[in-house]
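Asker: Following this message is one structure expressed as C-alpha cells.
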Amino acid sequence: MGLDVSSHLHPVGSFDLADHPVPTGMEEIWRFTPLKRLRGLHDSAPFADGAVVLKSEAAPGVVVEHLAADAVVRGTSGLVPTDRVSARAWEAATGVTLVRVPAEAVVEATTVLRHVGTGADTAGAAHTVIVAEKFSKATVVLDFEGTAVLADNIEIVLEDGAELTVVSLQDWADDAVHHSTQHAKIGRDATLKHVSVSFGGDVVRHDATAEYDGPGGSVEMLGMYFADEGQHIEHRLFVDHTAPKTRSNVVYKGALQGEGAHAVWIGNVLIRKVAEGIETYEENRNLILTDGCQADSVPNLEIETGEIEGAGHASATGRFDDNQLFYLRSRGIEEAEARRLVVHGFFNDLIGKIGVESLEDKLRETVEAELAKNVLR
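Taking numbering that gives the first Met the number 0, the leading residue of the sequence shown gets 0, the next gets one more, and so forth.
This is the structure in C-alpha cells:
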C-alpha cells in the first residue's frame, strides 16, 4: 500500500521498503524523473561498497567520524524516507559519516567531504549526518565528482542558536547518476544556509527538505544549475514551517543549453497552523540559451493559518533578454561577448550570496566553461 499524505505537498515517510512500491512515473513525485536512466536505483539494482571514495578535510575544531550504520546518530534530523530510492539507500548504507561542530565553536575554515566516483558498475549507498551544536558557526562543503551511481541520505541538525552553511556541489562526470535526499532540522533561533550547485551528471535529482525545532529559526536555500545536452537535473524542495516566528527564503537559478537538456524545479512550502508570524518566499528563474531545452518549474504554497507576516513565490522561464543584448550590442560589444555577460549577470548575484570565496571563484569559472560549449562558439 502506498504512503499516506499529511499534506498535498509532501507524503508521510516510512522506513519500510514495502511502503515504497517501485514507481511507474505516474506518481506526482516521479512524473518528471526519467526512471529508465536511474540505473535501477528506483527498482532493485544491487548496492556495493566502492562506488565512491570519501576524502574528508576537517577544519580545525570540527570532528569527522566514520561510524557503523546502526549508530544512534542516524535519524536525529527527523529524516524518514518518502520515496523508494531514499528508503533503499537508508537500508543499504554500511556506515555513516558524522560531521560535528562543537558547541560555541566559531570555525572560519571550511570542512570538505569530497566524494570521488570510481567508475564502478554497481551502485553505492551513503549516509551523512552534520550536527552544528548550540551557538556554533561553521561551513561544510559536500563535493561530488567522477563517475558513479550513487544514492545517499544527508541529515543536517542545527541546535539552538547555531549558524551553519552547507554546500552540496555536484560536479560529476557526464555519465554519473546521483539521487540525494537531504533533510534539515533547525533549532530555536538557528540559521541554515543550504546551497545546491549542479553542473555535471547524466541524471541528478536532489530532494531537500527543512523543518523547524523551535521558534525563530531561519533557512535560506540557494541553488544554481547548468543543464547541457541530454542532461536531466531535478531539484525538489519542501520547507515545512512547523514553529512560529520562523523564516525561509528560497532562490534557485538555472541555465539550459543543448538538445534534450531538461531542468526540473519543484518548490513546496507548507505553513502549519502553529506557525504564526512566519515569513517565506520562494523563487525560481530559468534561462534558455539554445533550442531543444525544457524547463519545468512548479512553485507550491499551502497555508493553514492566516496569522503570517508574509508569503509568496515567483517562477519564470525565458530566453536572453533582447533589451539587454541590444544595449550591449549598441555599445560595440560582439554578440557572443554580450551573451556571455548576460549569463554571468544572471548568476552573479546568486553566487555572491554563497559566502565561500574559493567556491564562488570556481563557480564563475565553471559557468564560463559551460558557456564555451555552445553560447560562445
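Every residue, glycine too, gets a C-beta built ideally from N, C-alpha and C.
Kindly list the residues whose CB is nearer than 7 Å to the CB of LEU300, restricted to its own chain and excluding five residues on each side of it in sequence; keep chain order.
Answerer: Once the five neighbours on either side are set aside, the close Cβ partners of LEU300 are VAL268, ALA310, HIS312.
Asker: With a cut-off of 8 Å on the beta carbons, I'd call HIS19 and ALA86 a contact; round off their distance for me.
Answerer: 5 Å between Cβ atoms; contact.
Asker: Since PHE134 and ASP170 should fall inside the 8 Å C-beta cutoff, what is the C-beta to C-beta distance between them, to a whole number of angstroms?
Answerer: Actually they do not touch by this definition, with Cβ atoms about 33 Å apart.
Asker: What residue range is occupied by the uninterrupted beta strand (DSSP E) comprising THR289?
Answerer: Counting along the chain, THR289 falls outside any beta strand (DSSP E), and DSSP gives it neither H nor E.
Asker: Which partner residues does ASN248 have in the DSSP bridge list?
Answerer: Answer is GLU219, TYR280, bridged to ASN248.
Asker: Beta carbon of ALA150, beta carbon of ALA88: below 8 Å?
Answerer: For ALA150 and ALA88, yes; Cβs fall inside 8 Å.
Asker: TYR326 to ILE307, Cα distance in whole Å?
Answerer: Legend: pLDDT at TYR326 = 49, less than 50; position of this residue unreliable, no value from coordinates given.
Asker: Residue range of the beta strand (DSSP E) that SER357 falls in?
Answerer: Element bounds for SER357: not the beta strand (DSSP E) but the alpha helix (DSSP H), 356-372.
Asker: DSSP puts LYS184 in a beta bridge; with which residues?
Answerer: DSSP output for LYS184 lists VAL156, GLU210 as bridge partner(s).
Asker: On a CA-only basis, which of LEU286, ALA147, THR75, VAL218 is nearest ALA47? Give me that one, please.
Answerer: Checking every option, the nearest Cα to that of ALA47 belongs to ALA147.
Asker: Determine the extent of the alpha helix (DSSP H) in which SER197 is found, giving its start and end residues.
Answerer: SER197 -> not in any alpha helix (DSSP H); beta strand (DSSP E) instead, spanning 190-197.
Asker: Sort out for me which residues DSSP pairs ALA137 with in a bridge.
Answerer: Answer is LEU163, bridged to ALA137.
Asker: By the three-class DSSP mapping on this structure, what secondary structure does TYR326 have?
Answerer: With a pLDDT of only 49 at TYR326, under 50, the local geometry of the prediction cannot be trusted, and no value is derived from it.
Asker: Kindly indicate the opening and closing residues of the beta strand (DSSP E) around GLU90.
Answerer: Counting along the chain, GLU90 falls outside any beta strand (DSSP E), though it belongs to the alpha helix (DSSP H) covering 83-91.
Asker: Give a yes or no on whether the C-beta atoms belonging to VAL71 and ARG99 are separated by under 8 Å.
Answerer: Cβ distance not < 8 Å, so VAL71 and ARG99 don't count as in contact.
Asker: Would you tell me roughly how many angstroms separate the C-alpha atoms of GLU26 and LYS272, rounded to the nearest one?
Answerer: Going by the C-alpha atoms only, they are around 28 Å apart.
Asker: Can you check which of these residues, VAL21, ALA315, ILE153, is closest to ASP206 by C-alpha distance?
Answerer: ASP206 has its Cα closest to that of ILE153, out of VAL21, ALA315, ILE153.
Asker: In the DSSP assignment, find the beta strand (DSSP E) that holds HIS41 and state where it starts and stops.
Answerer: Neither: HIS41 is in no beta strand (DSSP E) and is coded neither H nor E.
Asker: Select from TYR251, GLY24, GLU219 the residue whose C-alpha is nearest the C-alpha of ASP82.
Answerer: Residue GLY24 is the option with its Cα nearest to ASP82.
Asker: Among residues of its own chain, excluding the 5 on either side of MET0, which ones have a beta-carbon nearer than 8 Å to its beta-carbon?
Answerer: Unreliable positioning characterises MET0 in this predicted model, as indicated by a pLDDT of 41, which lies under 50. A coordinate reading is not provided.
Asker: Classify GLY12: buried if its beta carbon has 16 or more other beta carbons within 10 angstroms, exposed otherwise.
Answerer: Answer is buried; the Cβ neighbour count reaches 16.
Asker: If you follow the beta strand (DSSP E) that ILE232 is in, where does it begin and where does it stop?
Answerer: It spans 231-240 - the beta strand (DSSP E) in which ILE232 sits, taken as one unbroken run.
Asker: Pull up the DSSP beta-bridge partners for ALA122, would you.
Answerer: Note: ALA122 sits in a beta bridge opposite PHE46.
Asker: Which two residues bound the contiguous beta strand (DSSP E) that contains SER314?
Answerer: SER314 -> beta strand (DSSP E) spans 309-317.
Asker: Judging by CA-CA distance, which residue of ALA68, GLY116, SER167, LEU141 is the nearest neighbour of THR377?
Answerer: There is no way to answer for residue 377, as the model of the chain reaches only from 0 to 376.
Asker: Sort VAL84, GLY60, ALA368 by Cα distance to ALA44 and report the nearest one.
Answerer: For the residues VAL84, GLY60, ALA368, the minimum Cα distance to ALA44 belongs to VAL84.
Asker: Select from PHE345, ILE265, ILE302, ILE353 the residue whose C-alpha is nearest the C-alpha of ARG318.
Answerer: Out of PHE345, ILE265, ILE302, ILE353, PHE345 has the C-alpha closest to the C-alpha of ARG318.
Asker: Is it true that the CB of LEU358 sits closer than 8 Å to the CB of VAL218?
Answerer: No, the pair does not count as a contact, with Cβ atoms beyond the cut-off.
Asker: Quick check: what's the CA-CA separation for SER179 versus ARG235?
Answerer: Taking the straight line joining both Cα atoms gives about 10 Å.
Asker: Under 6 Å Cβ to Cβ from GLU64, same chain only, skipping five residues before and after it: list those, please.
Answerer: Excluding sequence neighbours, GLU64 sits near LEU97.
Asker: Pick out whichever of ASN347, LEU370, LEU37 has its Cα sitting closest to the Cα of ARG338.
Answerer: Residue LEU370 is the option with its Cα nearest to ARG338.
Asker: Using 10 angstroms around the beta-carbon of GLU367, count the other beta-carbons present and answer buried if the total reaches 16, otherwise exposed.
Answerer: Result: exposed.
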